[in-house]
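First to last, the protein sequences are chains A and B.
So the first sequence is residues -11 to 107, counted in the numbering used here.
So the second sequence is residues 443 to 757, counted in the numbering used here.
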Amino acid sequence: MNFIRKFYYGDIPEDKAGGNIVSSSSKTDWPLWEVFIRSKQGLDHKHAGSLHAADAQMAIENARDVYTRRMEGVSIWVVESKYIHASSPDEAASLYEPANDKVYRHPTFYDLPDEVNHM
Amino acid sequence: MPVQDFEQLFQDKIDNEVKIEPKDWMPEAYRKTNIRQISQHAHSEIVGMLPEGNWISRAPSLKRKAILLAKVQDEAGHGLYLYSAAETLGMSREEMINDLHSGKAKYSSIFNYPTLTWADIGAIGWLVDGAAIMNQVMLTRTSYGPYARAMVRICKEESFHQRQGFEILLVLSRGTAAQKIMCQDAINRWWWPALMMFGPKDSESTNSDQSMKWKIKRKTNDELRQNFVDMIAEQIKTLGMKLPDDQLKWNAERKHYDFGEINWDEFWQVVKGNGPCNKQRLEARRKAWENGEWVREAAAAYAQKRADRQKDKAA
Chain A
-11 MNFIRKFYYG DIPEDKAGGN IVSSSSKTDW PLWEVFIRSK QGLDHKHAGS LHAADAQMAI
49 ENARDVYTRR MEGVSIWVVE SKYIHASSPD EAASLYEPAN DKVYRHPTFY DLPDEVNHM
Chain B
443 MPVQDFEQLF QDKIDNEVKI EPKDWMPEAY RKTNIRQISQ HAHSEIVGML PEGNWISRAP
503 SLKRKAILLA KVQDEAGHGL YLYSAAETLG MSREEMINDL HSGKAKYSSI FNYPTLTWAD
563 IGAIGWLVDG AAIMNQVMLT RTSYGPYARA MVRICKEESF HQRQGFEILL VLSRGTAAQK
623 IMCQDAINRW WWPALMMFGP KDSESTNSDQ SMKWKIKRKT NDELRQNFVD MIAEQIKTLG
683 MKLPDDQLKW NAERKHYDFG EINWDEFWQV VKGNGPCNKQ RLEARRKAWE NGEWVREAAA
743 AYAQKRADRQ KDKAA
C-alpha cells in the first residue's frame, strides 16, 4: 500500500527532519484529567478536553487557564481520566440494540387527526 | 473480521462524514499520520510563543503589552488543546515533548525567523496567523473528532490574533515616515516565509493522496496558498503597502492572483534546521523544560503529601 507521502501544511515527514539530540526523561509524570465546564447557570457540564495536573486543585486552576480564558464557564468539574469508564464502540450495536425496535417511544409514532392541537 | 473489512468500514464512515473517535478502530497509518500532524501542530503553537515573547517586555504601550500577553497565552492554550488531542491516539505528552527537544518532531518553520522590530509582531498576526487560520478553518472539518474539536476552539480565538496584527500595521502605516518604512520592511521579510507555511507545491508529491482520502486534509497546499494570496493581496491595499513580489497580479481568467516562485531551497534548509533561529528556539524550549523540572517535582511531591494527609484523616 502507498501510505501518506504527501507533505501537507503542518505535516513535515520525519525523514526530512534534521536533529538527533536525545533529551532526558523526567521522573514526574502528572496524571491526565478530563475537564467538564458549565458555560452558564442552568446548563449541563460539558466535556471540554483534558489536561495534566499534579492534583485536583491544580487541575481546576489549569482548566481555568486553558479552557475559560474568555468567560466560557461558571463551574468546572475535573476527574482523573483513569476513573472514566466508557462503553466500547465495538459493542455499540448490541449495547443499543434494545432501543432499536421501539419506535413507539417517539411521539411521531402516533397518527392523530389534524384538528388535535397542542399535543 | 479480516482487516480489509475493518478498513472498508472505516473508509465508509469517512465517506459518510462520520467522525472517527479515539476508541474506534482505525488503520495504523491513520493513527500515525494524525499523531505526527497534531503533535507538530501543538509544537508549532508552543514554539510560536518565542518570537512574540521577545517583544512582551518591549511593547510600545501598556495596552499593546497586555494584548500581546493575552495572545501568547492563547498560543500556549492552543498547544495544550492539541497535545491532549494527540494523546487520545496513544502517544504520551512526555514522548511528544522529548521528540520536539530531540529535533525528531518538527514545528512550523516560520518560527525560525527572527522578530527584529515591533512591526514584526503586526506582520506575524496578520500574515502568519492569517496563513495558519486558512489551514485551521479547513481542519475544523478534519475526520478525527478530537482534532476537529480542538480546531473549532482555536479558530474562535485566532481571529483576534489576526485582527490585532493587522491593526498594529494599520497604525504604523498611518504613522511617521520611519514607522511606514518599518511596516513595509516587516511585510517584506514575512511575506515569503508565510507563503512557505503551506508546504511544497502539489506537483512535488508523486504518491497517493491518502490524507485527502481519509479527510484529514480537505484542501491541497496550493489551494490553501492561493486562497491566502487572494485574501492578502486585497487586504494590503488598506495598508497602502506593497507585497514584495513583482509578479503578483490579478488574473481575470483564473479569478485569482498570480504570484512569483517561492524559494524552495530556503524552505528545505529551514526545515532541516538551518534557519536563522532553529538552534535558538530549540534551546529555549529545552531550557524552559529543564528549568521547570523542580516545579514539576515539587508539585508532584505536594500532591503526594496532600493525598497522604487525607488518607491519615480518613484512617
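Yeah, the Cβ is synthetic: ideal placement off N, Cα and C, and Gly gets one too.
Just so you know, these numbers come straight off a predicted model, no measurement behind them.
Does the CB of residue i have a neighbour CB from chain B at under 7 Å?
{"i": "residue 104 of chain A", "result": "no"}
{"i": "residue 43 of chain A", "result": "yes"}
{"i": "residue 11 of chain A", "result": "Reliability of the predicted coordinates at residue 11 of chain A is poor, the pLDDT of 42 falling under 50, and no value is obtained from them."}
{"i": "residue 77 of chain A", "result": "yes"}
{"i": "residue 30 of chain A", "result": "no"}
{"i": "residue 6 of chain A", "result": "Here the model assigns residue 6 of chain A a pLDDT of 42, short of 50, so the residue's position is not dependable, and the following value carries that caveat. At least one chain B Cβ lies under 7 Å of residue 6 of chain A."}
{"i": "residue -6 of chain A", "result": "Only weak support exists for where residue -6 of chain A lies, its pLDDT of 41 falling under 50; the value from the coordinates is given anyway. Output row for residue -6 of chain A: interface = yes."}
On the DSSP letters alone, give me the boundaries of the alpha helix (DSSP H) that residue i sits inside.
{"i": "residue 608 of chain B", "result": "587 to 615"}
{"i": "residue 64 of chain A", "result": "From DSSP, residue 64 of chain A is part of no alpha helix (DSSP H) but of the beta strand (DSSP E) over 63 to 68."}
{"i": "residue 744 of chain B", "result": "735 to 756"}
{"i": "residue 488 of chain B", "result": "470 to 489"}
{"i": "residue 520 of chain B", "result": "504 to 529"}
{"i": "residue 536 of chain B", "result": "535 to 544"}
{"i": "residue 34 of chain A", "result": "Per DSSP, residue 34 of chain A belongs to no alpha helix (DSSP H); it is in the beta strand (DSSP E), 33 to 40."}
{"i": "residue 670 of chain B", "result": "663 to 681"}
{"i": "residue 466 of chain B", "result": "Looking at the DSSP string, residue 466 of chain B is not in any alpha helix (DSSP H), and its letter there is neither H nor E."}
{"i": "residue 709 of chain B", "result": "706 to 711"}
{"i": "residue 629 of chain B", "result": "619 to 638"}
Of all Cβ atoms in chain A, is any one closer than 7 Å to the Cβ of residue i?
{"i": "residue 519 of chain B", "result": "yes"}
{"i": "residue 511 of chain B", "result": "no"}
{"i": "residue 523 of chain B", "result": "yes"}
{"i": "residue 465 of chain B", "result": "yes"}
{"i": "residue 726 of chain B", "result": "no"}
{"i": "residue 528 of chain B", "result": "no"}
Check whether the Cβ atoms of residue i and residue j sit closer than 7 Å, and answer yes or no.
{"i": "residue 36 of chain A", "j": "residue 18 of chain A", "result": "no"}
{"i": "residue 584 of chain B", "j": "residue 658 of chain B", "result": "yes"}
{"i": "residue 62 of chain A", "j": "residue 39 of chain A", "result": "no"}
{"i": "residue 685 of chain B", "j": "residue 633 of chain B", "result": "yes"}
{"i": "residue 593 of chain B", "j": "residue 606 of chain B", "result": "no"}
{"i": "residue 692 of chain B", "j": "residue 699 of chain B", "result": "yes"}
{"i": "residue 586 of chain B", "j": "residue 456 of chain B", "result": "no"}
{"i": "residue 49 of chain A", "j": "residue 27 of chain A", "result": "no"}
{"i": "residue 563 of chain B", "j": "residue 528 of chain B", "result": "no"}
{"i": "residue 570 of chain B", "j": "residue 636 of chain B", "result": "yes"}
If you count every other CB in all the chains shown that lies within 10 Å of the CB of residue i, and 16 or more means buried, which is it?
{"i": "residue 490 of chain B", "result": "buried"}
{"i": "residue 554 of chain B", "result": "buried"}
{"i": "residue 642 of chain B", "result": "buried"}
{"i": "residue 649 of chain B", "result": "Note on residue 649 of chain B: pLDDT 46, under 50, position unreliable in the model; the coordinate value appears next. Looking at its Cβ environment, which holds fewer than 16 other Cβ atoms inside 10 Å, residue 649 of chain B is exposed."}
{"i": "residue 106 of chain A", "result": "exposed"}
{"i": "residue 716 of chain B", "result": "exposed"}
{"i": "residue 567 of chain B", "result": "buried"}
Give the interface partners of residue i over in chain A, defined as CB-CB distance under 7 Å, in chain order.
{"i": "residue 748 of chain B", "result": "43"}
What residues of chain A sit near residue i, judged by a beta carbon separation below 8 Å?
{"i": "residue 461 of chain B", "result": "Going along chain A, no residue has its Cβ under 8 Å from residue 461 of chain B, so there is no contact; the nearest lies around 12 Å."}
Taking residue i as the query, report the chain A residues whose CB atoms sit under 9 Å from its CB, ordered along the chain.
{"i": "residue 535 of chain B", "result": "17, 18, 20, 40"}
{"i": "residue 627 of chain B", "result": "Result: empty, since nearest Cβ-Cβ is about 26 Å, beyond 9 Å."}
{"i": "residue 741 of chain B", "result": "16, 18, 41, 42, 43, 46"}
Report the neighbours of residue i on chain B: residues whose CB is nearer than 9 Å to its CB, in chain order.
{"i": "residue 59 of chain A", "result": "Neighbours of residue 59 of chain A on chain B: none; closest Cβ ~13 Å, over 9 Å."}
{"i": "residue 51 of chain A", "result": "Per Cβ cutoff of 9 Å: no residues; residue 51 of chain A is ~10 Å from chain B at best."}
So residue i contacts chain B; which residues on that side make the cut at Cβ distance below 7 Å?
{"i": "residue 54 of chain A", "result": "519, 522"}
Name the chain B residues that come within less than 8 Å of residue i, Cβ to Cβ?
{"i": "residue 47 of chain A", "result": "Simply none; closest approach about 10 Å."}
Which residue marks the beginning of the beta strand (DSSP E) containing residue i, and which one marks its end?
{"i": "residue 699 of chain B", "result": "698 to 700"}
{"i": "residue 693 of chain B", "result": "691 to 693"}
{"i": "residue 23 of chain A", "result": "20 to 26"}
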